[in-house]
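Asker:
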Amino acid sequence: MNIAEVAARASRDAGGVSPALLEGYLEMLDRVSRTGRRVARDELDSRRALGAAAAEQGVPLRALVDLYLSANWLCWGALPAVAIAAGAEQLRGVAEAVLRATDDVVVALADGYDQAQRLQVRQEEAERREFIDDLLYGRGDLGRLAERAEHFGLRLAGSYLVAAARAGNPFTDGDATTRRVESALLGRFDIRDVLITAKDGLLLCIAPGTAADVPAEFARQVELLLTGERDWQIGVGRPHPGPGGILRSYEEARTALELAGSLGLTAHVLDAAELLVFQVLYRDRAAIVDLVETVLSPLEGTRGGARPLLDTLSAYFATGGVAAETARQLFLSVRAVTYRLDRVRHLTGYDPREPSQRFTLEAAVLGARLLGWPAGP
1 MNIAEVAARA SRDAGGVSPA LLEGYLEMLD RVSRTGRRVA RDELDSRRAL
51 GAAAAEQGVP LRALVDLYLS ANWLCWGALP AVAIAAGAEQ LRGVAEAVLR
101 ATDDVVVALA DGYDQAQRLQ VRQEEAERRE FIDDLLYGRG DLGRLAERAE
151 HFGLRLAGSY LVAAARAGNP FTDGDATTRR VESALLGRFD IRDVLITAKD
201 GLLLCIAPGT AADVPAEFAR QVELLLTGER DWQIGVGRPH PGPGGILRSY
251 EEARTALELA GSLGLTAHVL DAAELLVFQV LYRDRAAIVD LVETVLSPLE
301 GTRGGARPLL DTLSAYFATG GVAAETARQL FLSVRAVTYR LDRVRHLTGY
351 DPREPSQRFT LEAAVLGARL LGWPAGP
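As structure tokens, then:
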């Protein structure tokens, strides 16, 4: 039996898979056919190593198995034990030994292949997590970061936005919801346009700033998968250019979610662009505290505390300064609303009905909501 010739023919039959992946196999079949023994442990270990090598080279498992099965039928007639078999019974024994060895070998190949693939997946996941951390925390050299981004389908020369979803249960990489959202979005959009990942319990969607329909589809998929859950929300940051733009958009998305918790916003999708005034206040906590303390602290001295007057101001500002509509929302009489507005003017020195003074009061009320005042200090 010409081993090199059989290996070359098997390689061609399997679509050009390297014949080196058969190393030692035909000699093994020869020994097994002559002795009828099982494949030895060290021989199976060598197949596992070759299965792992095939995975590392990117050879499909189907092609690897095809290579070995092709080698089997090509060498069968040339095996010395087959040529000298005396009768059908002896030939059947040779065939059983060869088929059993083939079965053991294919299982060992697949085992080594699977182990190598699992290791590659773990390494890929670790690299992906490290890349996401560096991207969202602004770590590392920007040039190197852009090179690594290409591997994950992002071209950081353009502008990107980040949408961040939160729900009752934290999201994690690899959980069922994360995988299904990723599959749905990558099935609709170019894989180079979208990156789905989980970070700090949030499900993130990173997409080009020009792809305005991606956040909407992301929200739709989250809603479909969280049917029956009411407390999910998505913060959508504004698009910004470059690697630092992703970090900035991510911070805006997270801030939008934090603001929703502070302000009691119930909308499922929160656009950071629509919350800019809150973000300006939110960034300077010391200024908010000073504003609330200076303008609103006198309201605490009233009977019943500051809460009723704050609720009246919030409703009054939300209705555009219409006392009748404010009364309907608060289930009060117009006279009661007017009385409360007068109390605010008397206690604070700011008249909510006076345009020049209204802005200060409205900003202070927003600040109070951000701080959780007067329930908190």
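Residue 377 is where the sequence shown ends in UniProt numbering, and the numbering goes up by one at each step. Heads up, the beta-carbon is just placed ideally off N, CA and C, and yes, glycines get one too.
Across which residues does DSSP place Ala198 in a beta bridge pair?
Answerer: The partner list for Ala198 (beta bridge, DSSP) reads Leu203.
Asker: With a 10 Å radius around its C-beta and 16 neighbouring C-beta atoms as the bar for buried, classify Val337 as buried or exposed.
Answerer: So Val337 counts as buried.
Asker: So Tyr113 and Leu29 are in contact, right, with Cβ under 8 angstroms, and what is the actual spacing, rounded?
Answerer: About 20 angstroms separates the two Cβ atoms, so there is no contact after all.
Asker: Where in the region 21-45 do unbroken runs of the alpha helix (DSSP H), each at least 4 residues long, occur, reported from the N-terminal end onward?
Answerer: Counting whole runs of 4 or more residues, the region 21-45 contains the alpha helix (DSSP H) stretches 25-35.
Asker: Does DSSP classify Ala211 as helix, strand or coil?
Answerer: It is coil, neither helix nor strand.
Asker: Ala164 lies in the beta strand (DSSP E); which residues open and close that run?
Answerer: Start and end: Ser159 to Arg166.
Asker: Looking only at its own chain, which residues have a Cβ that is under 6 angstroms from the Cβ of Thr172, when we skip the five neighbours before and after it?
Answerer: Here the set comprises Ala198.
Asker: What are the uninterrupted segments assigned as alpha helix (DSSP H) that are 4 or more residues long and contained completely in the UniProt domain "PucR C-terminal helix-turn-helix" (309-365), given in chain order?
Answerer: Runs of the alpha helix (DSSP H) inside the UniProt domain "PucR C-terminal helix-turn-helix" (309-365): 323-330 and 334-348.
Asker: State the start and end residues of the unbroken beta strand (DSSP E) segment that holds Asp271.
Answerer: Val269 to Asp271 is the span of the beta strand (DSSP E), which, as asked, contains Asp271.
Asker: Checking the sheet assignment: what are the DSSP bridge partners for Ile234?
Answerer: Note: Ile234 sits in a beta bridge opposite Ala165 and Val269.
Asker: Let me check understanding here. Comparing Cα to Cα, which of Ala116, Leu313, Arg179 and Leu259 lies closest to Thr360?
Answerer: Here the closest residue by C-alpha is Leu313.
Asker: DSSP state of Pro19, grouped into three classes?
Answerer: The answer is helix: DSSP assigns Pro19 an H, G or I state.
Asker: Below 8 angstroms on the Cβ atoms is my guess for Arg353 versus Gly321; work out the distance and round it to an integer in Å.
Answerer: Contact holds; Cβ gap of about 7 angstroms.
Asker: May I ask which residues mark the beginning and end of the alpha helix (DSSP H) holding Leu64?
Answerer: It spans Leu61 to Trp76 - the alpha helix (DSSP H) in which Leu64 sits, taken as one unbroken run.
Asker: Starting from the Cα of Ala368, find the closest Cα among Gly264, Ala53, Gln90 and Gly304 and give me that residue.
Answerer: With distances taken between Cα atoms, Ala368 lies closest to Gly264.
Asker: Which residues does DSSP list as the beta-bridge partners of Pro241?
Answerer: Answer is Ser159, bridged to Pro241.
Asker: With Ile288 as the anchor, note down where its alpha helix (DSSP H) starts and where it stops.
Answerer: Segment Arg285 to Leu296, the alpha helix (DSSP H) holding Ile288.
Asker: Is Val17 near Leu67, with beta carbons less than 7 angstroms apart?
Answerer: Yes, they are a contact pair.
Asker: Between which two residues does the alpha helix (DSSP H) harbouring Arg303 extend?
Answerer: Unbroken run through Arg303: none, as it is neither H nor E.
Asker: Roughly how many whole angstroms lie between the Cα atoms of Tyr25 and Arg129?
Answerer: Between Tyr25 and Arg129, the C-alpha separation is close to 40 angstroms.
Asker: How about the region 164-180 and the region 219-229: do they share at least three Cβ pairs that are nearer than 8 angstroms?
Answerer: Touching, yes, given that three or more Cβ pairs across the two stretches are closer than 8 angstroms.
Asker: Kindly give me the distance between the Cβ atoms of Leu371 and Val292, rounded to whole angstroms, as I take these residues to be in contact under 8 angstroms.
Answerer: Leu371 to Val292, Cβ: 6 angstroms. Contact.
Asker: Which whole-angstrom value is the C-beta distance of Leu276 and Thr348, which I expect to be below 8 angstroms?
Answerer: Contact doesn't hold; Cβ gap of about 26 angstroms is too wide.
Asker: Give the single residue among Asn2, Ala53 and Arg34 whose Cα lies nearest to the Cα of Ala86.
Answerer: When only C-alpha atoms are compared, the closest one is Arg34.
Asker: Do you know how far the Cα of Gly36 is from the Cα of Asp42?
Answerer: C-alpha separation (whole angstroms): 17 angstroms.
Asker: Using the beta-carbon count (16 or more within 10 Å), is Ile196 buried or exposed?
Answerer: With 16 or more other Cβ atoms within 10 Å, it is buried.
Asker: Buried or exposed: Gln57, going by 16 or more other Cβ atoms within 10 Å of its Cβ?
Answerer: Exposed.
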